[in-house]
Every structure is written in C-alpha cells, then in structure tokens.
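Residue numbers (my numbering): 2 to 381.
Ideal Cβ positions, reconstructed from N, Cα and C, are used throughout, including at glycine.
A short write-up of the structure that comes next.
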Ligand SMILES: [Zn+2]
C-alpha cells in the first residue's frame, strides 16, 4: 500500500475516532443533565461539527455517518441492559472513549461510500487502494471494512449477500456433542473429529514469547522496549498461525457434515474462558468455538436444518429411552449405562444421541444401515 494511501486511511481513522469520542461526550452530558434516555440528535450534530472544523470536512462524509450509526446502535443496546444498577457509563457495552493506541483500526464503508474499478478500491475522500484478492467476489459487495491487524498488515473485507447454495437431500440426521479430547463426537462414527493438536508445536513458541514479554514488560507510563515489541509481534504471529489452521480444519469438517446430513443437532456450547483453566482446556475451547462457528455458517450457506440444543443434563439423560439418571456421571466415567432400559454406550456417543432427541430429530435416520421404520419393499 502506498504511503499516501496509508496516511489518508490513518487520518480518516483519526477523524472517525474524534467523531466517536464526541458522541460519547455528548451522550454522557445528556445523561448527566438527567435526560432519561440520553437521546442526542447526533446526525444533526455531525453537520454542525463538519461546518465548524475544516479538517473534519476534508474527510469523507460516509464513514463519519457510519460511526454515528455504530455508536447509536451500541448505545441503545447498552441502555436496554436494565438489570444492572450501575451508573449509566459503567453499564455493559456502553460505548467508551477510544484511545489512540488502544483502539483497533477499522473503517467501514457502505455501498455508496466505495467503488471497485479496474481491480482498485476507491473510497470516499479520494482514497485509492490496490487490492490483492484472496479470492474472487461471488457478487457485488454491499459494504467493505478496512482494517489493520496487530502485525500492521492492512485488509479489506467485503460483505457479499450470500446466496443459498442448497445441496442434494440425503435424508440423514446427525447429533453432535463437543468435548476436549474429541472436539466433536457425533452419532456417526465417520464424522467424529479428534482435537487437532495444531497448537502443540507453536504453543511452545507462544509460551516462550510470553515469558520474554513478561520479563520486558514496560513500567506504567514508560514506552515499551524494542525487545518487548518484538516478542509481542512474534507471539501475535504464532497465535494467528494456530487460529488459521484451526479454522481450516473446522471448515473442512463442517463441509463434510453439511454435505452428508440434512438435519444437524448441535450442542449449544459456550466457552467460559476461565482464568484458571489449563492451556489444554483453553485450546480445546477455542477449537470448539471455531468448529461450531464454521458449522453454523456452512449450514446456513447450504440451507440445512441446524438446531442448537441446550446442553444442560446431557450427561445424565439416556439417548435411547430418554430416562434421566439420578446423578451426573463423574468425568472419569467414560461409559453411560442406563438403569431404565439397560443401554450401554460410550458417554460422548450417548450425549450426541441426546442432542438429536432433544432437537426433535428422528434418531432412526442416524443408523442408516438399520432403519427402524417400515421394512423396505423388496423387488420380486
Ligand atoms: Zn435408557
């Protein structure tokens, strides 16, 4: 990217941040003044700010309007959070001031704010960028997000209205349970997914960089040393590599599941990211999150019926007769034995089957080799 374009993007970002902070200040003032919802006509104010400040006028109007829309959205969402008795500005998700060195650099442009021509991206305010395409755009994009990652690389991410690409029906249903050793245990043995140990090699490196960072951590108020910054960059790079491998594995697996099954019942797992959890647990949670995310997207793209299932008590319920055991299975117990119907199955397999039953899907569709339905008529 040319240095002119970089400079232009950075100034655009500075202006956007100024507008955002102005919004925060105005809405806080309104709250303090006792106006109940803190409503401030921000869009109108923007016109005022632009006529007052020449440097603000130099930037495109579109990204600044987008900033106002983003702020309004975040603000009204936080206002709905009525459970807390916290002061207004402390509420969860309440927009805060963006500090220059802490906020991540992002610019959003909607349809009227950008143009693609001869492989170049033209942004409002006369910014021209040459784009290196990672893949072809399947259709006209409706918006674009320009951002810089923590390694200093610039990216343009286009939003394209995804058209459903329905796949042929298979008549199959699958239940999926998430876990540590096996990222996914399913009702179909061929679709279980072992925890990919991507991190293993790179994790050692990450740990080393983190130790380097800890030793060189700058004192409050002091600038970070060169060694600290280098370690930080290397750690970020290693993290990124792991995330990319994880996503790749997840996407391939999701594609296979979605291709072979019409109906998918998935445990609605939400990682808790406990501070005290082990590295292995963290890695497993991250793998589950990435895999679940890819599966949901893939199912949506190919118009499959995916149902998220509440995971409460799954280790206590029998996947065959639906009876609930009196006690939860201890983690060490890997086999589920039903006292009601006598079914014995590996613990995770039982849970996968419970997902299917809870989603209201027919387990008969699972073992396609042994249909429980009416007998197939044989040709004479
Ligand atoms: Zn049972």
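Short Cβ contact (9 Å threshold) for residue i with residue j
| i | j | result |
| --- | --- | --- |
| residue 13 | residue 61 | yes |
| residue 334 | residue 348 | yes |
| residue 72 | residue 25 | yes |
| residue 166 | residue 302 | yes |
| residue 235 | residue 267 | no |
| residue 174 | residue 362 | yes |
| residue 291 | residue 251 | yes |
| residue 359 | residue 346 | no |
| residue 187 | residue 172 | no |
| residue 168 | residue 259 | yes |
| residue 261 | residue 352 | no |
| residue 69 | residue 110 | no |
| residue 336 | residue 326 | no |
| residue 131 | residue 120 | yes |
| residue 255 | residue 214 | no |
| residue 210 | residue 232 | yes |
| residue 122 | residue 149 | no |
Counted within 10 angstroms of its Cβ, other Cβ atoms place residue i as buried (16 or more) or exposed
| i | result |
| --- | --- |
| residue 8 | exposed |
| residue 10 | buried |
| residue 357 | buried |
| residue 198 | exposed |
| residue 156 | exposed |
| residue 134 | exposed |
| residue 138 | exposed |
| residue 77 | exposed |
| residue 178 | buried |
| residue 387 | Since the first residue of the chain shown is 2 and the last is 381, residue 387 is not available in this structure. |
| residue 98 | exposed |
| residue 108 | buried |
| residue 269 | exposed |
| residue 21 | buried |
| residue 332 | exposed |
| residue 28 | buried |
| residue 221 | exposed |
Span separating the alpha-carbon of residue i from that of residue j
| i | j | result |
| --- | --- | --- |
| residue 378 | residue 243 | Confidence in residue 378 is poor, its pLDDT being 38 and thus under 50, which makes the residue's placement unreliable; the coordinate value appears in the next sentence. Cα-Cα distance, rounded: 51 Å. |
| residue 136 | residue 297 | 22 Å |
| residue 194 | residue 343 | 28 Å |
| residue 282 | residue 181 | 7 Å |
| residue 66 | residue 127 | 17 Å |
| residue 75 | residue 286 | 27 Å |
| residue 314 | residue 328 | 10 Å |
| residue 309 | residue 264 | 11 Å |
| residue 63 | residue 44 | 12 Å |
| residue 218 | residue 229 | 6 Å |
| residue 272 | residue 280 | 14 Å |
| residue 206 | residue 196 | 20 Å |
| residue 143 | residue 161 | 6 Å |
| residue 288 | residue 247 | 6 Å |
| residue 223 | residue 42 | 40 Å |
| residue 100 | residue 312 | 40 Å |
| residue 15 | residue 6 | 14 Å |
| residue 238 | residue 338 | 46 Å |
| residue 51 | residue 19 | 12 Å |
| residue 367 | residue 3 | At residue 367, the pLDDT of 49 sits below 50, so the modelled position is not reliable; the number obtained from the coordinates is stated separately. Each residue's Cα considered, the two are about 56 Å apart. |
| residue 1 | residue 330 | Nothing can be reported for residue 1, as the shown portion of the chain is limited to 2 through 381. |
| residue 241 | residue 203 | 10 Å |
For residue i: DSSP bridge partner residues
| i | result |
| --- | --- |
| residue 155 | 149 |
| residue 306 | 264 |
Start-end ranges of the beta strand (DSSP E) lying completely within the stretch 90–149, minimum 3 residues: 107–111, 115–118, 121–124, 128–131 and 142–149
Kindly provide the ranges of any alpha helix (DSSP H) runs that are 4 or more residues long and lie completely inside the stretch 313–355, ordered along the chain. none
I'd like the ranges of any alpha helix (DSSP H) spanning at least 4 consecutive residues and lying wholly in the stretch 196–224. 200–216
Any alpha helix (DSSP H) of 4 or more consecutive residues that is wholly inside the stretch 157–195: none
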